[in-house]
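**Q** Supplied in structure tokens, the structure appears directly below.
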Amino acid sequence: MNITPVWAIFIGSIFTNNILFASFLGMCSFLVCSSKIDTALGLGSAVVFVMFCTTMLNYLIYYYLLVPLKLEFLGFMIFIAVIAAFVQFVEMFVERFSPDLYYALGIFLPLITVNCAILGAALFMVIRKYNFVQSTFYGLGAGLGWAMAIALMAGLREKMGYANVPTPLRGTAVIMMVAGVIAMAFMGFAGMLNIQ
Amino acid sequence: MSSSPAVSATPGVGKWKKTLGEGLYTANPITRQILGICSTLAVTNRVDKALVMGAGLIFVTGLSNLFLSLLRKLIPNRIRMIAEMAVVSTFVIVIDQFLRGFYWDISRQLGPYVALIITNCIVMGRAEAFALSNPPLLSLLDGVANATGYALMLAIVGVFRELLGSGSILGITLLSPTWYVKNQLLVLAPGAFFALGLLLCVFNLINPPTAPETKK
Chain E
174 MNITPVWAIF
184 IGSIFTNNIL
194 FASFLGMCSF
204 LVCSSKIDTA
214 LGLGSAVVFV
224 MFCTTMLNYL
234 IYYYLLVPLK
244 LEFLGFMIFI
254 AVIAAFVQFV
264 EMFVERFSPD
274 LYYALGIFLP
284 LITVNCAILG
294 AALFMVIRKY
304 NFVQSTFYGL
314 GAGLGWAMAI
324 ALMAGLREKM
334 GYANVPTPLR
344 GTAVIMMVAG
354 VIAMAFMGFA
364 GMLNIQ
Chain A
8 MSSSPAVSAT
18 PGVGKWKKTL
28 GEGLYTANPI
38 TRQILGICST
48 LAVTNRVDKA
58 LVMGAGLIFV
68 TGLSNLFLSL
78 LRKLIPNRIR
88 MIAEMAVVST
98 FVIVIDQFLR
108 GFYWDISRQL
118 GPYVALIITN
128 CIVMGRAEAF
138 ALSNPPLLSL
148 LDGVANATGY
158 ALMLAIVGVF
168 RELLGSGSIL
178 GITLLSPTWY
188 VKNQLLVLAP
198 GAFFALGLLL
208 CVFNLINPPT
218 APETKK
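In structure tokens form, the structure reads like this:
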């Protein structure tokens, strides 16, 4: 049982233990989709929504189905199946009922299945022994933290387009360096509170 | 190895060499394809973690490539992603249970990153790009070559970070604390980004990308 208060988990998962800058999850889509702010915000909001819902779903399935049956070792497979199925379902649902939202968000949804931040949130929830309310807020906070990270990076990359970057550093190398500087800034939050 | 009776159309030796070279160096997953960055950043603050992670990925990528290639004619195109996920996560569960059973200490330190091999882009990427259109043994080689290229880069970053960050390699102190001040930043999160950025920069210098990337 984890006794960290819910508000601390929520704030901590956004700032001090940011899923991207402290746990390095979701790097692939972070690197590919962070060149424009619009794209970054679209993907970010899709991640917030999917992470929030799948963390809840995965919590219920893990503790009410797998644990009583002593099938915890199947956890990874179930988590990824739930995420893939949920994403597929949301895509169909949104396409049918809200075409506007589908055009804004739809193209990002398939990318989310392979975003390791989503699976990572489910795994951290199990490892840190969160209860249901804690897991829900952890999923929401981790999603918001990821969205904030990619939006920050997109803003910087739009400005960086005008900078004269040395040739060998062009491309991913300079993005890594910039991410390192942001990660250093985020370490400053670690003095506030540290979640386990 | 190339004279397998199971493979009907045996590819020439040149193709085998090309596959091996591409995975290890010319199309290295980390420095060229920029795949599997999450775990590269997360597990490289100590060499032993980096080595175990590399070994785990070689196992998973090799075997999932082999089996997906064997099954490639049976898997319908529409559900191939789910099929890939199922095969990959089976091998990941095997490796995770093995580490839990025999190397509990390192398994606990790696935390969720062993399980996250499932969403490691290298595994899925090789399955999509190679295993589904090539014969089994060649796919096995491709998976092993790519994962070895990944493990090699992990080891380089791991040695760099552990040596400068903790003054040791595999827990053996090499830089004596009497004259070397440990650079703790390299063990922490920002150091991971800097170390990988430097690695990419060095490899761009040694072997410049053929098509110059234009940043927008």
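Just so you know, the sequences run in chain order E and A.
The numbers in our numbering rise by one with no breaks, and the one at position 186 of the first sequence is 359.
The numbers in our numbering rise by one with no breaks, and the one at position 193 of the second sequence is 200.
We put the beta carbon where it would ideally sit given N, CA and C, even for glycine.
Could you name the residues that DSSP lists as bridge partners for isoleucine 179 of chain A?
**A** Here residue 179 of chain A refers to the residue found at position 172 when the second sequence is read from its first residue. DSSP, once it has assigned bridges, lists A:Ile176 as partnering isoleucine 179 of chain A.
**Q** Tyrosine 275 of chain E by DSSP, collapsed to three states: which one?
**A** Locating residue 275 of chain E in the first sequence gives position 102, where the first residue counts as 1. Three-state result, tyrosine 275 of chain E: helix.
**Q** Could you check whether alanine 90 of chain A and isoleucine 102 of chain A sit closer than 7 angstroms to each other, using their CB atoms as the reference points?
**A** Translated into positions along the second sequence, residue 102 of chain A becomes position 95. Translated into positions along the second sequence, residue 90 of chain A becomes position 83. In this structure, alanine 90 of chain A does not lie closer than 7 angstroms to isoleucine 102 of chain A by Cβ.
**Q** Express the C-alpha separation of valine 267 of chain E and phenylalanine 259 of chain E in angstroms, rounding to a whole number.
**A** Here residue 259 of chain E corresponds to residue number 86 of the first sequence, with the count starting at 1. Here residue 267 of chain E corresponds to residue number 94 of the first sequence, with the count starting at 1. About 12 angstroms.
**Q** Give the straight-line distance between the Cα atoms of serine 96 of chain A and phenylalanine 249 of chain E, rounded to the nearest whole angstrom.
**A** As a position in the second sequence, residue 96 of chain A is number 89, starting the count at 1. As a position in the first sequence, residue 249 of chain E is number 76, starting the count at 1. Cα to Cα, the separation comes out at about 7 angstroms.
**Q** Listed in chain order, which residues of the segment 47-73 of chain A have Cβ atoms closer than 7 angstroms to some Cβ of chain E?
**A** If the cut-off is 7 angstroms between Cβ atoms, the segment 47-73 of chain A has Leu48 and Ala49 near chain E.
**Q** Let me confirm a value: glutamate 245 of chain E is counted as buried when at least 16 other C-beta atoms fall within 10 Å, else exposed. Which label applies?
**A** Residue numbering aside, residue 245 of chain E sits at position 72 when the first sequence is read from its first letter. Classification of glutamate 245 of chain E: exposed, given that the 10 Å Cβ count is below 16.
**Q** Alpha carbon to alpha carbon, how far is serine 46 of chain A from leucine 193 of chain A? Give it in angstroms, no decimals.
**A** Counting from 1 along the second sequence, the entry for residue 193 of chain A is found at position 186. Counting from 1 along the second sequence, the entry for residue 46 of chain A is found at position 39. Distance between the alpha carbons of leucine 193 of chain A and serine 46 of chain A: 16 angstroms.
**Q** Flag glutamate 264 of chain E as yes if its beta-carbon sits less than 7 angstroms from any beta-carbon of chain A, otherwise no.
**A** Here residue 264 of chain E refers to the residue found at position 91 when the first sequence is read from its first residue. It does not; no Cβ of chain A falls within 7 angstroms.
**Q** Taking the alpha helix (DSSP H) that tyrosine 311 of chain E belongs to, which residues open and close that run?
**A** The residue you call residue 311 of chain E lines up with position 138 of the first sequence. Counting along the chain, the alpha helix (DSSP H) containing tyrosine 311 of chain E begins and ends at 305-333.
**Q** Suppose the cutoff is 7 angstroms on Cβ atoms and the five residues either side in sequence are ignored; what does the same chain contact list for leucine 329 of chain E look like?
**A** Reading the first sequence from its first residue, position 156 is the one you call residue 329 of chain E. These residues qualify, in order along the chain: Val351.
**Q** Which value, in whole angstroms, describes the spacing of the CA atoms of isoleucine 184 of chain E and isoleucine 192 of chain E?
**A** Here the question's residue 184 of chain E lines up with position 11 in the first sequence. Here the question's residue 192 of chain E lines up with position 19 in the first sequence. So the alpha carbons of these two residues sit roughly 12 angstroms apart.
**Q** In its own chain, which residues sit with a C-beta less than 7 angstroms from the C-beta of arginine 133 of chain A, not counting the 5 before and 5 after it?
**A** On the second sequence, position 126 is the one that residue 133 of chain A refers to. Hits under 7 angstroms: Thr68, Asn72, Asp149, Gly150 and Asn153.
**Q** Within 10 angstroms of the Cβ of threonine 377 of chain E, are there 16 or more other Cβ atoms? Answer buried if so, exposed if not.
**A** Nothing about residue 377 of chain E can be reported from this structure: the residues present for chain E run from 174 to 369 only.
**Q** Where proline 184 of chain A and alanine 195 of chain E are concerned, what is the direct C-alpha to C-alpha distance, given to the nearest angstrom?
**A** To locate residue 184 of chain A, count along the second sequence from 1; it is residue 177. To locate residue 195 of chain E, count along the first sequence from 1; it is residue 22. Cα to Cα, the separation comes out at about 27 angstroms.
**Q** Around the Cβ of leucine 157 of chain A, are there at least 16 other Cβ atoms within 10 angstroms (buried) or fewer (exposed)?
**A** Numbered from 1 along the second sequence, position 150 holds the residue referred to as residue 157 of chain A. In the sequence as presented, leucine is not what sits at residue 157 of chain A; that position holds tyrosine. Buried is the call here.
**Q** Closer than 7 angstroms, CB to CB, is leucine 207 of chain A near chain E or not?
**A** Locating residue 207 of chain A in the second sequence gives position 200, where the first residue counts as 1. True, the Cβ-Cβ gap to chain E drops below 7 angstroms.
**Q** Within 7 angstroms (strictly less), CB to CB, does isoleucine 323 of chain E reach chain A?
**A** Locating residue 323 of chain E in the first sequence gives position 150, where the first residue counts as 1. Taking Cβ atoms only, chain A never reaches closer than 7 angstroms to isoleucine 323 of chain E, which makes this a no.
**Q** Any heavy atom of the ligand COA closer than 6 angstroms to the beta-carbon of proline 143 of chain A?
**A** No copy of the ligand COA occurs in the structure displayed, which carries no ligand at all.
**Q** Would you report the Cα separation of phenylalanine 294 of chain E and valine 130 of chain A, rounded to the nearest angstrom?
**A** Taking the first residue of the first sequence as position 1, residue 294 of chain E is located at position 121. Taking the first residue of the second sequence as position 1, residue 130 of chain A is located at position 123. In the sequence as presented, phenylalanine is not what sits at residue 294 of chain E; that position holds alanine. C-alpha separation (whole angstroms): 20 angstroms.
**Q** Lysine 209 of chain E by DSSP, collapsed to three states: which one?
**A** As a working note, residue 209 of chain E is residue 36 in the first sequence. Reduced to three states, the DSSP call for lysine 209 of chain E is coil.
**Q** Using C-beta distances below 8 angstroms, list every residue in its chain close to alanine 49 of chain A, excluding the 5 sequence neighbours before and after it, in chain order.
**A** Counting from one through the second sequence, the residue named residue 49 of chain A turns up at place 42. Around alanine 49 of chain A: Tyr120 and Ala199.
**Q** Use the C-beta contact count for valine 306 of chain E: other C-beta atoms within 10 angstroms, 16 or more gives buried, fewer gives exposed.
**A** Within the first sequence, numbered from 1, the residue matching residue 306 of chain E stands at position 133. Classification for valine 306 of chain E: exposed.
**Q** Rounded to the nearest angstrom, how far is the Cβ of threonine 26 of chain A from that of leucine 145 of chain A, given a contact under 8 angstroms?
**A** Reading the second sequence from its first residue, position 19 is the one you call residue 26 of chain A. Reading the second sequence from its first residue, position 138 is the one you call residue 145 of chain A. Contact holds; Cβ gap of about 6 angstroms.
**Q** With a threshold of 8 angstroms on Cβ separation, who are the neighbours of isoleucine 176 of chain E within its own chain once the five nearest residues in sequence on each side are excluded?
**A** In the first sequence, counting from the first residue as 1, residue 176 of chain E sits at position 3. If we look at isoleucine 176 of chain E and ignore the five residues flanking it on each side, it has no Cβ neighbours.
**Q** What is the residue span of the alpha helix (DSSP H) that arginine 133 of chain A lies within?
**A** Translated into positions along the second sequence, residue 133 of chain A becomes position 126. Segment 128-136, the alpha helix (DSSP H) holding arginine 133 of chain A.
**Q** Quick one: give me the first and last residue of the alpha helix (DSSP H) that phenylalanine 201 of chain A is part of.
**A** Residue mapping note: residue 201 of chain A aligns to position 194 of the second sequence, counting from 1. It spans 196-213 - the alpha helix (DSSP H) in which phenylalanine 201 of chain A sits, taken as one unbroken run.
**Q** Between A:Arg115, A:Asn141, A:Leu147 and A:Leu177, which lies nearest to lysine 80 of chain A when the distance is taken from Cα to Cα?
**A** Locating residue 80 of chain A in the second sequence gives position 73, where the first residue counts as 1. The option with the nearest alpha carbon to lysine 80 of chain A is A:Asn141.
**Q** Taking 7 angstroms as the CB-CB cut-off, is phenylalanine 242 of chain A touching chain E?
**A** This structure cannot speak to residue 242 of chain A, because chain A is shown only from 8 to 223.
**Q** In the DSSP assignment, find the alpha helix (DSSP H) that holds lysine 243 of chain E and state where it starts and stops.
**A** The sequence position of residue 243 of chain E within the first sequence is 70, counting from 1. Taken as a continuous stretch (DSSP letters only), lysine 243 of chain E belongs to no alpha helix (DSSP H), as it is neither H nor E.
**Q** Could you give the first and the last residue of the continuous alpha helix (DSSP H) run that contains methionine 365 of chain E?
**A** Here residue 365 of chain E corresponds to residue number 192 of the first sequence, with the count starting at 1. It is not in any alpha helix (DSSP H) - methionine 365 of chain E carries neither H nor E in the DSSP assignment.
**Q** Taking the continuous alpha helix (DSSP H) assigned at tryptophan 111 of chain A, which residues delimit it?
**A** Walking along the second sequence from the start, residue 111 of chain A turns up at place 104. Its alpha helix (DSSP H) spans residues 111-117.
**Q** At least one CB of chain E closer than 7 angstroms to the CB of tryptophan 114 of chain A: is that the case?
**A** Within the second sequence, residue 114 of chain A is the residue found at index 107, counting from 1. The residue you asked about is not tryptophan; residue 114 of chain A is serine in the sequence shown. By this cut-off, serine 114 of chain A is not an interface position.
**Q** Answer yes or no: do glycine 314 of chain E and serine 218 of chain E have a C-beta to C-beta separation smaller than 7 angstroms?
**A** Position 141 of the first sequence holds residue 314 of chain E. Position 45 of the first sequence holds residue 218 of chain E. No, they are not a contact pair.
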